[in-house]
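Residue numbers (the numbering used here): 365 to 540. For each residue, glycine too, the CB sits at the ideal point set by N, CA and C. Everything on this sheet refers to the single structure shown next.
Okay, here's the thing in structure tokens:
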């Protein structure tokens, strides 16, 4: 059992993939309840990897459906109550609280990633946050613009773009 071997080298050990997954330290997960690698390569077996991946894709679909049902049953009614108590319109509540609820997991997962980073490498956390910001400002805003044409107000848009560029550059300088 050597520490130089990475988990992604499993294809070099095609005749004994299960024991490779069980004995390689890089393949062992510290977090989570299910070790998906041993499920695919040991429980399902080397010959049926496609079946294992299909089962995991189905499991992911079930998890997303469960998340959507939970959000619909618990989060949306709570958001309506908060909007009613604070005397906010549902549009304003959706823009503020829904945005916070959407961004909070990214922030907390980045904090967790920085806290558990090996050797101080926080590039993944920074990349995830930066990628999420770029995705929202380009793809989501572009899709909204295509679906519902609108005229943007130049000063606030320019202010937001400049602030995003300065903040991204400042974060880059602070991280590297």
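How big is the Cα-Cα spacing for residue 366 and residue 388?
Reading the chain shown from its first residue, position 2 is the one you call residue 366. Reading the chain shown from its first residue, position 24 is the one you call residue 388. Because residue 366 carries a pLDDT of 49, less than 50, the predicted location of this residue cannot be relied on, and the following value inherits that uncertainty. Rounded to whole angstroms, residue 366 to residue 388 spans 7 Å at the Cα level.
Collapsed DSSP secondary structure at residue 451 in the structure displayed
The residue you call residue 451 lines up with position 87 of the chain shown. Coil at residue 451, not helix or strand.
Taking just the CA atoms, how far does residue 454 sit from residue 444?
Numbered from 1 along the chain shown, position 80 holds the residue referred to as residue 444. Numbered from 1 along the chain shown, position 90 holds the residue referred to as residue 454. Those two C-alpha atoms are separated by around 7 Å.
Identify, in the order they occur along the chain, each residue of the same chain with its Cβ nearer than 6 Å to the Cβ of residue 490, setting aside the five sequence neighbours on each side.
In the chain shown, residue 490 corresponds to position 126, counting from 1. If the five residues before and after residue 490 are omitted, its C-beta is found closer than 6 Å to the C-beta atoms of 539, all from its own chain and listed in chain order.
Flag this pair as touching only if the stretch 432-442 and the stretch 396-408 have three or more C-beta atom pairs under 8 Å; answer yes or no.
Verdict: no, contact absent.
With respect to the alpha helix (DSSP H) encompassing residue 398, which residues constitute its N-terminal and C-terminal limits?
For this step, residue 398 is matched to residue 34 along the chain shown. Following the DSSP letters along the chain, one finds residue 398 in no alpha helix (DSSP H), marked with neither H nor E.
Give the secondary structure of residue 512 by DSSP, where H, G and I count as helix, E and B as strand, and everything else as coil.
Locating residue 512 in the chain shown gives position 148, counting from the first residue. Correct three-state label for residue 512: coil.
Local Cβ density within 10 Å of residue 426, reported as buried at 16 or more and exposed below that:
Locating residue 426 in the chain shown gives position 62, counting from the first residue. With fewer than 16 Cβ atoms within 10 Å of its Cβ, residue 426 is classed as exposed.
Report the three-state DSSP secondary structure of residue 392 (helix, strand or coil).
Within the chain shown, the letter at position 28 stands for residue 392. Look at residue 392 here: in three-state DSSP terms it is coil, with no helix or strand label.
Express the C-alpha separation of residue 496 and residue 488 in angstroms, rounding to a whole number.
As a working mapping, residue 488 is identified with position 124 in the chain shown. As a working mapping, residue 496 is identified with position 132 in the chain shown. So the two alpha carbons sit approximately 12 Å from each other.
Would you list, in sequence order, the uninterrupted beta strand (DSSP E) runs of no fewer than 3 residues that lie entirely inside the stretch 394-479?
Residue ranges of uninterrupted beta strand (DSSP E) with 3 or more members are absent from the stretch 394-479; none lies entirely inside it.
Report the CB separation of residue 393 from residue 404 in whole angstroms; it is logged as a contact under 8 Å.
Position 29 of the chain shown, counted from the start, is the residue given in the question as residue 393. Position 40 of the chain shown, counted from the start, is the residue given in the question as residue 404. Contact doesn't hold; Cβ gap of about 13 Å is too wide.
Is residue 528 closer than 8 Å to residue 501 when the C-beta atoms are compared?
By 1-based counting over the chain shown, the position of residue 501 is 137. By 1-based counting over the chain shown, the position of residue 528 is 164. Against a cut-off of 8 Å, the Cβ pair of residue 528 and residue 501 comes out as a contact.
Mind checking residue 439: buried by the 16 CB within 10 Å criterion, or exposed?
In the chain shown, the residue the question calls residue 439 occupies position 75. Looking at its Cβ environment, which holds fewer than 16 other Cβ atoms inside 10 Å, residue 439 is exposed.
For residue 382, collect the residues of the same chain with a Cβ closer than 6 Å to its Cβ; drop the 5 residues on either side in sequence, then sort them by chain order.
Numbered from 1 along the chain shown, position 18 holds the residue referred to as residue 382. Counting only Cβ-Cβ distances below 6 Å, and skipping sequence neighbours, we find 405, 406.
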